[in-house]
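One gets full-length UniProt numbering by counting positions in the sequence shown from 1 and adding 5 to each.
Here the structure is laid out as structure tokens; the discussion comes afterwards.
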Amino acid sequence: PIAKKRSDYQQPDFLISHVDMVFHLDIQKTRVITTCQFSRNGEHNRPLVLDGESITLIKVVLNDNLISDYDVNSEQLTIPTTEDEFTLCVETVINPEANKTLEGLYFSAGAYCTQCEAEGFRKITYFLDRPDVLAKYDVTIYADKARYPHLLSNGNQIDKGQLDDGRHWVKWQDPFNKPSYLFALVAGDFDLLTDNFMTQSGRNVALELYVDKGALDKGHHAIASLKKAMAWDEQVFGLEYDLDIYMVVAVDFFNMGAMENKGLNVFNSKFVLADAESATDDDFFNIEAVIGHEYFHNWTGNRVTCRDWFQLSLKEGLTVFRDQQFSADMSSPVFNRIKNVQIIREHQFAEDASAMAHPIRPEEVIEMNNFYTVTVYDKGAEVIRMMHTLLGADGFRKGMDLYFARFDGQAVTCDDFVQAMQDATGIDLSQFRLWYSQSGTPKVTVSDEFDLSTGRYTLTFGQMTPPTADQKTKQALHIPFRFELLDEQGVAISDDSVPELKAKMIELTQDVHSVSVSGLNAKPTPSLLHNFSAPVKVDYAYTHQQLSSIILYSGDEFARWDASQSLYSRCIHNLATAPDSPDNALFDSMLDSIGGVFALADTNPALAAAMLSIPSFETLSQQVDEIQVEALYHAQRSVRHLIATALSDKWLTLYNNQVVGAYQYKADDVDKRRLRNLSLSYLVQGDATQASELLHAQFSQADNMTDSLGALKAAQYGKLEQFDQLMVQFEERWRHDPLVLDKWFALHANMERSDILARLPLLLSHEKFSLDNPNRVRSVLGSFAFYNVLGFHAIDGSGYKFLADYLLKLNSVNPQVAARVITPLTQWQKFDPKRQELMRYQLARIADCKELSKDLIEKVSKSLN
Ligand code: B3K
Ligand code: ZN
Numbered sequence: 006p007i008a009k010k011r012s013d014y015q016q017p018d019f020l021i022s023h024v025d026m027v028f029h030l031d032i033q034k035t036r037v038i039t040t041c042q043f044s045r046n047g048e049h050n051r052p053l054v055l056d057g058e059s060i061t062l063i064k065v066v067l068n069d070n071l072i073s074d075y076d077v078n079s080e081q082l083t084i085p086t087t088e089d090e091f092t093l094c095v096e097t098v099i100n101p102e103a104n105k106t107l108e109g110l111y112f113s114a115g116a117y118c119t120q121c122e123a124e125g126f127r128k129i130t131y132f133l134d135r136p137d138v139l140a141k142y143d144v145t146i147y148a149d150k151a152r153y154p155h156l157l158s159n160g161n162q163i164d165k166g167q168l169d170d171g172r173h174w175v176k177w178q179d180p181f182n183k184p185s186y187l188f189a190l191v192a193g194d195f196d197l198l199t200d201n202f203m204t205q206s207g208r209n210v211a212l213e214l215y216v217d218k219g220a221l222d223k224g225h226h227a228i229a230s231l232k233k234a235m236a237w238d239e240q241v242f243g244l245e246y247d248l249d250i251y252m253v254v255a256v257d258f259f260n261m262g263a264m265e266n267k268g269l270n271v272f273n274s275k276f277v278l279a280d281a282e283s284a285t286d287d288d289f290f291n292i293e294a295v296i297g298h299e300y301f302h303n304w305t306g307n308r309v310t311c312r313d314w315f316q317l318s319l320k321e322g323l324t325v326f327r328d329q330q331f332s333a334d335m336s337s338p339v340f341n342r343i344k345n346v347q348i349i350r351e352h353q354f355a356e357d358a359s360a361m362a363h364p365i366r367p368e369e370v371i372e373m374n375n376f377y378t379v380t381v382y383d384k385g386a387e388v389i390r391m392m393h394t395l396l397g398a399d400g401f402r403k404g405m406d407l408y409f410a411r412f413d414g415q416a417v418t419c420d421d422f423v424q425a426m427q428d429a430t431g432i433d434l435s436q437f438r439l440w441y442s443q444s445g446t447p448k449v450t451v452s453d454e455f456d457l458s459t460g461r462y463t464l465t466f467g468q469m470t471p472p473t474a475d476q477k478t479k480q481a482l483h484i485p486f487r488f489e490l491l492d493e494q495g496v497a498i499s500d501d502s503v504p505e506l507k508a509k510m511i512e513l514t515q516d517v518h519s520v521s522v523s524g525l526n527a528k529p530t531p532s533l534l535h536n537f538s539a540p541v542k543v544d545y546a547y548t549h550q551q552l553s554s555i556i557l558y559s560g561d562e563f564a565r566w567d568a569s570q571s572l573y574s575r576c577i578h579n580l581a582t583a584p585d586s587p588d589n590a591l592f593d594s595m596l597d598s599i600g601g602v603f604a605l606a607d608t609n610p611a612l613a614a615a616m617l618s619i620p621s622f623e624t625l626s627q628q629v630d631e632i633q634v635e636a637l638y639h640a641q642r643s644v645r646h647l648i649a650t651a652l653s654d655k656w657l658t659l660y661n662n663q664v665v666g667a668y669q670y671k672a673d674d675v676d677k678r679r680l681r682n683l684s685l686s687y688l689v690q691g692d693a694t695q696a697s698e699l700l701h702a703q704f705s706q707a708d709n710m711t712d713s714l715g716a717l718k719a720a721q722y723g724k725l726e727q728f729d730q731l732m733v734q735f736e737e738r739w740r741h742d743p744l745v746l747d748k749w750f751a752l753h754a755n756m757e758r759s760d761i762l763a764r765l766p767l768l769l770s771h772e773k774f775s776l777d778n779p780n781r782v783r784s785v786l787g788s789f790a791f792y793n794v795l796g797f798h799a800i801d802g803s804g805y806k807f808l809a810d811y812l813l814k815l816n817s818v819n820p821q822v823a824a825r826v827i828t829p830l831t832q833w834q835k836f837d838p839k840r841q842e843l844m845r846y847q848l849a850r851i852a853d854c855k856e857l858s859k860d861l862i863e864k865v866s867k868s869l870n
């Protein structure tokens with residue numbers, strides 16, 4: 006397959022003003038009749054070339070004439086016409102049941118549904134399947150009434166009827182122009198939860214949530230979240246919903262989280278269904294976030310969409326930023342910010358360090374589905390956030406207003422967005438645009454100097470972006486870098502004559518910058534990168550004492566957390582590299598500072614919980630040049646053990662202090678459960694009898710999934726004997742509930758045990774396991790490959806082989822999911838030479854496969870280069 010390049014963009018040869026579609030649904034032979042009004046775009050005499058894949062062409066009618074002089078192959082239908090305006094009617098047949106790629110029209114557990122983004126519409130009909138062709142759609146659906154009482158598509162229902170043969174039909178009309186990737190169709194027998202929302206201008210919007218039969222009670226949180234998101238977008242961005250109906254359908258078989266189809270979102274049921282017993286606090290949180298995300302797309306994505314797929318971050322980076330702000334406003338801002346940063350440090354930095362490194366606006370793509378990445382989404386959101394920081398909240402809002410005023414109803418580029426931000430505020434963003442084209446993680450090296458005789462302190466910032474697999478040379482970026490200086494008492498030093506100090510921010514635009522302050526009595530402590538104001542790595546040689554001081558006194562809660570993480574990281578790396586001569590002063594200083602954090606538990610429990618958690622293996626991995634798997638892993642475990650045992654009394658008190666009543670998903674209770682489960686995970690490393698009593702009591706008395714799963718995870722982590730037996734009980738109780746069973750599978754897959762490779766095949770042959778179900782595949786294969794450090798990276802290569810064997814099977818069923826789960830194998834660059842060789846060997850095996858999907862070809866070939 007050949008890569009498409011961003012620089013090759015050409016306007017479409019034809020435009021479509023209106024689309025009329027008729028679906029005759031049938032499990033194996035669905036007939037689709039598509040009639041479009043075309044017009045030639047510009048002066049040319051090229052034929053009409055439509056995209057189409059895995060569909061059978063029945064007939065083509067041009068302006069009421071049946072034609073046969075067209076050309077059709079496995080990817081395109083070419084119509085030789087010279088007309089400027091014409092009507093084309095194409096009839097195709099598709100097989101939804103056989104479609105296991107879950108792209109196009111497919112069958113999910115008894116219901117029909119569609120997924121068209123990015124290029125799935127061409128699996129339904131021949132079309133100009135690109136985001137810059139916008140049209141109005143009328144859609145009529147015919148299906149058996151008894152089996153499919155609900156027939157849904159975008160927009161408003163305008164007509165319906167009944168046939169004598171048991172079928173019925175419904176006609177939908179979407180009044181908004183949209184690209185084909187936002188098309189959706191759903192047909193099935195669902196339970197329906199309804200509600201309504203009154204917009205700020207007084208329009209009433211019907212809200213409809215369609216879920217599996219019997220799951221109605223699990224839909225309330227999603228509906229409540231939707232209403233919060235609708236109100237939030239009005240308050241913060243002045244954006245109101247634009248149709249009279251908003252539908253959300255939950256399906257069990259879905260490649261990702263959810264899809265923002267106009268007026269008809271389709272969701273992975275994981276991000277819709279929740280009740281206290283079966284869903285954790287994290288599940289409740291994620292539902293609110295994803296419901297918000299898809300809703301916010303209605304403006305950032307649907308009303309203003311992308312000109313081409315290289316611009317994906319235009320809608321995704323911006324919408325992730327919006328959902329992050331929403332979540333922060335709904336709960337603890339600092340806790341949310343920490344979560345965002347962890348994703349960047351664990352996954353995005355890893356992507357930048359791998360062969361898949363790409364800018365947030367990629368230059369070259371073979372399979373578009375491979376570019377729904379943490380870089381495009383989460384680093385993209387960081388780039389938007391930096392503009393928010395540089396422009397201020399008011400400036401950013403002005404920029405957004407101008408963006409909508411200019412581009413509503415159009416398909417535009419990232420440059421158009423930045424230009425609107427610049428024009429609305431007069432702030433020069435020309436250098437800032439490099440963030441869109443340059444990949445890699447910049448490193449900001451900070452050094453300082455203090456002259457006691459003059460009282461002058463100078464802080465010097467140097468920036469450098471190391472080369473990435475896709476780009477050798479890098480330029481200096483425009484980096485908003487927030488910081489402050491703390492005096493010996495931990496008080497922030499203010500000096501209005503130093504603009505950077507006044508603003509608490511320096512804008513780095515060159516390789517080196519410095520800031521000086523005079524009149525100081527002692528050398529201050531710099532507290533750096535407040536609120537993670539840019540997606541960079543910072544290098545400054547803090548003393549342990551300085552880190553402790555930031556932990557206690559920094560005015561920025563994020564910086565306090567970050568300092569705690571630096572202290573833990575230091576201890577862990579120290580132990581990993583010098584296990585026989587640990588730096589005792591460092592460990593004492595860490596225990597001392599952390600001991601002090603317990604006092605925060607009452608006043609700021611969310612921050613306390615984050616500060617009492619040590620960095621993940623993934624985060625630690627990105628702090629070193631070469632990952633020493635066993636040494637790093639065991640060092641992390643040892644430091645946890647040390648914290649668990651040295652502070653055991655504090656953990657017990659903390660555990661006992663978190664008293665919560667009957668389950669409710671509300672901030673105070675969530676914080677308490679979080680602290681309680683965190684304490685338990687430390688307690689299991691101390692007194693075994695005591696821990697096992699606490700754990701048993703918690704598991705058997707829990708009225709909610711957060712506490713049940715917390716107990717199970719603690720038992721797993723502490724390798725308590727009763728773990729296996731609790732897992733059996735858990736499975737018995739939950740085998741009917743797919744979403745809970747996913748958690749059970751995941752727990753098994755990331756267990757640390759020497760026979761893990763022998764146990765994985767048992768999971769795969771479990772009667773509830775299925776290759777067709779992405780959630781299941783992710784919970785076994787994904788959990789293992791991403792998080793089972795010792796198992797996946799077993800030095801005999803068995804973990805890598807296991808993944809590769811499985812991917813070769815998944816390749817022909819669901820390439821999109823396969824290409825996602827392969828990620829850990831593509832990140833071989835940071836491992837030791839032996840592991841690198843083993844990982845590359847498996848990649849080469851995959852590359853050798855005869856019928857490899859485009860998705861895997863792109864990832865594997867890049868990784869082997
Ligand atoms: N826009 C969709 C993602 C589509 C992924 C296609 N492989 C969901 C979202 O980001 O909201
Ligand atoms: Zn999105």
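We put the beta carbon where it would ideally sit given N, CA and C, even for glycine.
Around the Cβ of S206, a 10 Å sphere holds fewer than 16 other Cβ atoms; the residue is exposed. E356 and T324 do not touch by the CB rule: their CB atoms are close to 19 Å apart, not below 8 Å. Judged by beta-carbon spacing, Q329 lies beyond the 8 Å limit of N307, meaning their Cβ atoms are not closer than that value. For S59, the secondary structure class from DSSP, reduced to helix, strand or coil, is coil. In the three-state reduction of the DSSP assignment, W656 falls in the helix class. Separation of the CB atoms of F466 and V517 is rounded to 7 Å, and the pair is thereby assigned contact status at 8 Å. Between V54 and N682, the alpha-carbon positions lie close to 58 Å from each other. If only uninterrupted beta strand (DSSP E) runs of at least 3 residues are considered, those enclosed by the segment 506 to 541 are 510 to 513, 517 to 522, 530 to 533.
Of L244, L795, L197, L212, the smallest CA-CA separation from L221 is found for L197. Residue side-chain check: M261 places its Cβ nearer than 7 Å to a non-hydrogen atom of ligand 1. Cα atoms of F592 and P531: separation of roughly 22 Å, rounded to the nearest angstrom.
With the rule of 3 Cβ pairs closer than 8 Å, the segment 233 to 241 does not count as touching the segment 253 to 268. When DSSP reads this structure, Y142 sits in a beta bridge with V24, D179. Going by beta carbons, T145 and V309 fall outside the 8 Å limit. In this structure Y14 is not in contact with D420, their Cβ atoms being roughly 12 Å apart against a cut-off of 8 Å.
Between the segment 786 to 796 and the segment 758 to 768 there are three or more inter-stretch CB-CB distances shorter than 8 Å, so the stretches are counted as touching.
When Cβ pairs closer than 8 Å are counted between the two stretches, the segment 460 to 480 is seen to touch the segment 519 to 536, the count reaching three or more. Distance from the CA atom of A581 to the CA atom of Y668, rounded to whole angstroms, is 41 Å. At a Cβ-Cβ threshold of 8 Å, A546 and P184 do not count as neighbours. Listed in chain order, the alpha helix (DSSP H) elements of length 4 or more contained wholly in the segment 604 to 671 are 610 to 616, 622 to 626, 634 to 651, 653 to 662. Under the DSSP assignment, T86 falls outside any alpha helix (DSSP H); it carries neither an H nor an E label. Per DSSP, the beta-bridge partners of F272 are A255, A263. Remark: C-beta atoms of Q703 and A720 do not approach each other more closely than 8 Å. Distances between the C-beta of T324 and the heavy atoms of ligand 2 include at least one below 7 Å.
By alpha-carbon distance to M426, the top candidate from R402, T418, H226 is R402. Taking 7 Å as the cut-off, the C-beta of Y377 counts as close to a heavy atom of ligand 1.
Taking the Cβ atoms as the reference, S442 lies roughly 41 Å from G495, outside the contact range of under 8 Å. It is roughly 44 Å from the alpha-carbon of F290 to the alpha-carbon of L168. The Cβ-Cβ distance between D286 and T711 falls below 8 Å. Burial check for D747: the Cβ neighbour count within 10 Å reaches 16 or more, so the residue is buried. Less than 8 Å divides the Cβ of P485 from the Cβ of M510. Counting along the chain, the unbroken beta strand (DSSP E) around L212 starts and ends at 209 to 216. For E387, the CB stays at least 7 Å from every heavy atom of ligand 2. The three-state reading of DSSP puts E321 in helix, counting H, G and I together. Per DSSP, C576 is not a residue of any beta strand (DSSP E); the alpha helix (DSSP H) it occupies stretches across 562 to 582. In this structure, A192 is the residue among H49, L786, A192 with its C-alpha nearest to the C-alpha of P101.
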